[in-house]
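What follows is one structure encoded as C-alpha cells, with my remarks underneath.
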Amino acid sequence: MITSNPTLKVLMVDAASGFYKVQRYNVGDFFGPVDLGIHLAHKHNSLNVGVGLLAGSIFPGSNRLIVNGISPNWHGFFISSMGGAGLVFDNLGINMFSIVGKTPTPSILYLNRIHGEEIEVELIPVKQNTVWSQGRGGVYSMMQHTLDLLGNRYENDPRILTAGPASLYTDFGAIASAPIKKGEVTFVDTWAGRGGFGTKMVQQHGIVSIIYGGTYVDDDFRDRSVADSWFEDRYQKRLAAKDMEATTKYRFDPKFETGGTFGVNYATLKGDIMAFNYRTIYMTEEERLKIHNEFIVNHYLKQFNEETIKTKQQKTCGEPCGAVCKKMHGEFKKDYEPYQTMGPLCGIFDQRAAEKINHHADMLGFDAISVGGVLSWLMDCVVEGLIKPEELGITDTPIFNQKGFRVVEDSMHNANIGIALMDQMVNPKGAFHMKEGARKLARHFARRKGTEVLDKFVYVGFARSGWTVPNQYWTPGVLSPMAIMGKYYMFYGKDFVPPRQLGRENAKRMLLELVMDNLGMCRFHRAWAEDILPEVIESLYGLKDKFQRSLLLTASRINSRNASIFWESERNIDYVYTFLKKKKEVDGVNNPELDRWISEFETDKRAAALDFWYELHKGIHESLLEFH
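So my numbering is basically just the index in the sequence shown, starting at one, shifted up by 505.
Structure follows, in C-alpha cells:
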C-alpha cells in the first residue's frame, strides 16, 4: 500500500508575466500546504493555495482548502482555510498553486485541466468595481460574473475564489467561495477569512477572482474496508460511525436540542456571554445571565432553533460529510463567531438584524470576525462620546445599554449603524480609512483624543502594526502571544491554567492543529483525525516518524519569527483580570496560583498583566524549540 517516491506538485504562476510552470517537491521533505507554504512564502512572498495529501480520499473532512502566505493584517506568516473547496481542486491534479508578481490590470485567474497533462492557465482582465456594484453585489457578483464568463469551459462544475471591495480598501479582506451545483452558485458560502488573504490577492497580485476545476482523476485513497479496519483496531468502530460520533456538535446535539457552532455555543455560554464590546466582563454574573437568558436563549437562539434546526436547513461545504455543519436560513449561513462579533458584541440579538449586517460584511468581502470586533469598538467609542458620530461618517449613536434594551428594534438600529460604518471603510473618500488596519486607526485616534479610545479595542497585536480580533471565548488563551492568532493555535478551554502551563498547552494545541492544516483536514473531525492521521501517513507513505518530526520543525519555524507584542489595550488586561476573578468568585475555583495572580492584579494591574503575558510567552517558547 505504501506509495513509492510521492511528490507534491505546485503550479507556480507569475501574475506579472503570465508565465507558469509545475515544480515537484518530495513528500518527506514537505508534507503539505503549510510546511511547503512557509518555504515558498519566505522565498517569494507568494500567495499559496492548496490541499493536503488526503484530498479526494475516503476520509470525511479531507477536502479543506488551505491558504497561506505573509498576512497583510497580521504581518507574519499566517494560515487560513475554507471547507470543501479542495474537492474540486483535486481535479487539477496538483497539490498547490503559488502566485507571485502582480497583474498590470485587475484580473481573473483561470485554471482548468481537461483530460490532458497540461493545466490551462489564463489571466483575464476584469472591471472589478463595475462587477462589484452589480446584482447581489461584491463577492457574490464577482463569483457569478466569473462563472458566466468562464463556466462553460468546464466539463464538471468548477469552484471559484473571489474577493470584494474590502480587499481593495482595507488590510483584512477575505477570500469567499461557494459550491457550484449544476451550473448554479449556491448560498452556502465558505471563507478563508482570517489573515486578510483577499487583500493579498487583490493588492499584491492584482487578482480578484480565481476559477478552477478539471477532469483529472487521481489515485486517491478510497478503500473503505481498509479504512474501516484501521478504525476498528483503534476505536472498535468503523470510520463512518466514529465520524458521526465526533461531529455530533456540528450536526445536532440532543443534550442541548440544537446544533452547529452557533446553536451549541450559545446554548452553553451562560455567564461567559460577551456583549456590547466586551462590557459584560465588568458586569455581575447575575447581569450576564440575565442577558444570556432574555436576549439569547429566549430570542436569538430561539429564532435559530425554530428557523434552522427544527426545519433541518443544513448543508455541507461542498464535500460529502455527515457533519452537515452549514446551518442555513434561506440564503443566510449561521456560524457562531461572525454572528457573535456582528451579534451580541455589537449589541445585536435578533436574527433579522444579524442577518442584515453579516450579509453586508460578507458581500463586501470582510474577515467577518475581525470586522465585527472593529465595529463593536468604534460603536463603543461613539456611545462613550470619545469619537463623534460625524467623525466616522454616521449620524446615529448605538444603543449599548442592556437596561430597557428593545431586542428587535435596538438590534436593527445597531445593525444599520454597523452597515454604515462598513460602507465608510470601503469608500475611498470615506470619513476614515482602514488601508493600514484597525490598530493603526486606533493609534491615530488615541494620539488625537487620548488613550481611552485605544483602551476599548480588544485585539491581539503582532510586530509593529499587525493585528487581529481574537476568537470569541472569554478565556486568556485567545489573547496569547502565539506566532499565529485568531485561529485555534491555542488552548481556549474555560478552566484556569497558570500562564506558564497555558503557554505549553498552546504549543501542544498548535502541533495538533498543524496535523490538520498540513493535511488539509477540517478541524470539526479532530476528535479522531489528530489521533489516527499519523498512522495513516505511515500506512500510505511509511513516513510517520518523519511526519511527526516535521510538525515540530514547522511549529518552530513559525515560532522563530514570533513578534508578538504585549497587550496595548486596557480592555485586554481587564479581559484576563475579570476572567481570573470569575473563576474564583463565581466558579468557586480553589487554587493558590489563581489566588496569587488575582492578588497581583489587584495590587498593580498593568504590572501583573505584563508578568502574566511573559509567563505565557515563556511556556510557548520553551515548548516550540526544534532541538531540546
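Glycine included, every Cβ here is placed at the ideal spot set by N, Cα and C.
Next item on the list: Return the bridge partner residues of F582 from the DSSP annotation.
Entry: Paired residues: I575.
Next item on the list: Would you check if the distance between the CB atom of M648 and the CB atom of I680 is smaller than 8 Å?
Entry: Taking C-beta atoms as the reference points, M648 and I680 fail to come closer than 8 Å.
Notebook entry, point to check: Shortest alpha-carbon distance to P511 belongs to which of L1045, Q808, F1106?
Noted result: Measuring from the Cα of P511, the nearest candidate turns out to be L1045.
Check: For S567, which of Y787, V1041, L880 has the nearest alpha-carbon?
Finding: Between S567 and the set Y787, V1041, L880, the nearest pair of CA atoms involves V1041.
Next item on the list: Only counting runs of 3 or more residues, tell me where the beta strand (DSSP E) segments fall wholly within the stretch 1059 to 1113, in order along the chain.
Entry: Runs of the beta strand (DSSP E) inside the stretch 1059 to 1113: none found.
Next item on the list: Specify the secondary structure class of P511 as computed by DSSP and reduced to three states.
Entry: Note: P511 maps to coil in three-state DSSP.
Checklist line | Per DSSP, cross-strand counterpart(s) of M601 | finding: DSSP output for M601 lists V515, G555 as bridge partner(s).
Next item on the list: Can you give me the Cβ contacts of H865 inside the same chain, cut-off strictly under 7 Å, excluding the 5 residues immediately before and after it?
Entry: Cβ neighbours of H865 beyond the five flanking positions: I924, M927.
Notebook entry, point to check: Which first and last residues belong to the beta strand (DSSP E) in which E957 is found?
Noted result: Counting along the chain, no beta strand (DSSP E) covers E957; the unbroken alpha helix (DSSP H) around it starts and ends at 957 to 960.
Notebook entry, point to check: What separation, rounded to the nearest whole angstrom, lies between the Cα atoms of E530 and T651?
Noted result: Residue identity check: residue 530 is Tyr in the sequence provided, not Glu. Distance between Y530 and T651, taken at the CA atoms: about 32 Å.
Notebook entry, point to check: Which residues in the same chain have their Cβ closer than 6 Å to the Cβ of R1028, if we skip the five residues on either side of it in sequence?
Noted result: Sequence-distant partners of R1028 (beyond 5 residues in either direction) whose C-beta falls short of 6 Å from its own C-beta, in its chain, are M1021.
Next item on the list: To the nearest angstrom, report how far apart P670 and W637 are at their CA atoms.
Entry: Each residue's alpha carbon lies about 7 Å from the other.
Next item on the list: My understanding is that V1075 touches D960, with C-beta atoms under 8 Å, so please give their C-beta distance in whole angstroms.
Entry: Contrary to the premise, residue 1075 reads as Glu rather than Val in this sequence. Between E1075 and D960 a beta carbon distance of about 4 Å is seen, short of the 8 Å cut, so the two are scored as contacting.
Next item on the list: Drop a sphere of 10 angstroms on the beta-carbon of P577, count the other beta-carbons inside from all chains shown, and report buried for 16 or more, exposed for fewer.
Entry: P577 should be labelled buried.
Margin query: Let me confirm a value: H580 is counted as buried when at least 16 other C-beta atoms fall within 10 Å, else exposed. Which label applies?
Written below: By the 10 Å Cβ count, H580 comes out buried.
Notebook entry, point to check: With DSSP run on the structure shown, which of helix, strand or coil describes L1048?
Noted result: Coil, per DSSP.
Next item on the list: Please work out which residues of its chain come closer than 7 Å, Cβ to Cβ, to I904, disregarding the five sequence neighbours upstream and downstream, and give them in chain order.
Entry: So the list reads G852, F910, D915, H918, N919, once near-sequence residues are dropped.
Notebook entry, point to check: Are D519 and G606 touching if we call contact CB-CB under 8 Å?
Noted result: Annotated as proximal: D519 and G606, with beta-carbon spacing under 8 Å.
Item checked: Best match in M847, S1055, Y645 for proximity to E1131 [C-alpha to C-alpha] -> Closest by C-alpha distance to E1131, out of M847, S1055, Y645, is S1055.
Next item on the list: Would you tell me roughly how many angstroms separate the C-alpha atoms of V644 and D662, rounded to the nearest one?
Entry: A direct Cα-Cα distance of roughly 19 Å separates V644 from D662.
Notebook entry, point to check: Shortest alpha-carbon distance to G966 belongs to which of E812, S985, N1023, T980?
Noted result: Nearest option by C-alpha distance: S985.
Notebook entry, point to check: What is the DSSP secondary structure of M927, reduced to helix, strand or coil?
Noted result: It is helical.
Notebook entry, point to check: In its own chain, which residues sit with a C-beta less than 7 Å from the C-beta of R743, not counting the 5 before and 5 after it?
Noted result: Once the five neighbours on either side are set aside, the close Cβ partners of R743 are D733, F736, E737.
Notebook entry, point to check: Taking C-alpha atoms, which residue in T785, E842, G764, K760 lies nearest to T816?
Noted result: The shortest C-alpha to C-alpha distance from T816 to any of T785, E842, G764, K760 is the one to G764.
Margin query: For G640, count the other beta carbons within 10 Å of its own beta carbon; 16 or more makes it buried, fewer makes it exposed. Which is it?
Written below: G640 should be labelled exposed.
Next item on the list: Would you kindly check if the distance between the Cβ of R1005 and the Cβ of W972 is under 8 Å?
Entry: Cβ distance not < 8 Å, so W972 and R1005 don't count as in contact.
Next item on the list: With DSSP collapsed to three states, give me the class of W979.
Entry: Of the three classes helix, strand and coil, the one that applies to W979 here is coil, per DSSP.
Notebook entry, point to check: Going by DSSP, what residues sit across from M990 in a beta bridge?
Noted result: Note: M990 sits in no beta bridge, so no partner.
Checklist line | Start and end residues, beta strand (DSSP E) containing R664 | finding: From DSSP, the beta strand (DSSP E) with R664 extends over 664 to 667.
Check: Can at least three beta-carbon pairs, one atom from the stretch 581 to 594 and one from the stretch 1058 to 1068, be found at a separation below 8 Å?
Finding: Short answer: they touch.
Notebook entry, point to check: With A1060 and L1019 assumed to form a contact (beta carbons below 8 Å), what rounded beta-carbon distance in angstroms separates them?
Noted result: Yes, A1060 and L1019 are in contact; Cβ-Cβ is about 6 Å, under 8 Å.
Next item on the list: Identify the continuous beta strand (DSSP E) that holds H834 and give its terminal residues.
Entry: In this chain, the beta strand (DSSP E) harbouring H834 covers 831 to 834.
Check: What are the start and end residues of the beta strand (DSSP E) that includes F761?
Finding: Boundaries for F761: no beta strand (DSSP E) harbours it, and the DSSP string shows neither H nor E there.
Next item on the list: Output the distance between the C-alpha atoms of K754 and R1014, rounded to the nearest integer angstrom.
Entry: Between the C-alpha atoms of K754 and R1014 there is a straight-line separation of about 20 Å.
Item checked: Per DSSP, the bridge partner or partners of P630 -> According to DSSP, P630 bridges with S612.
Notebook entry, point to check: Taking the alpha-carbon positions, what's the A491 to E762 distance?
Noted result: In this structure the chain extends from 506 to 1133, so residue 491 is not present and cannot be described.
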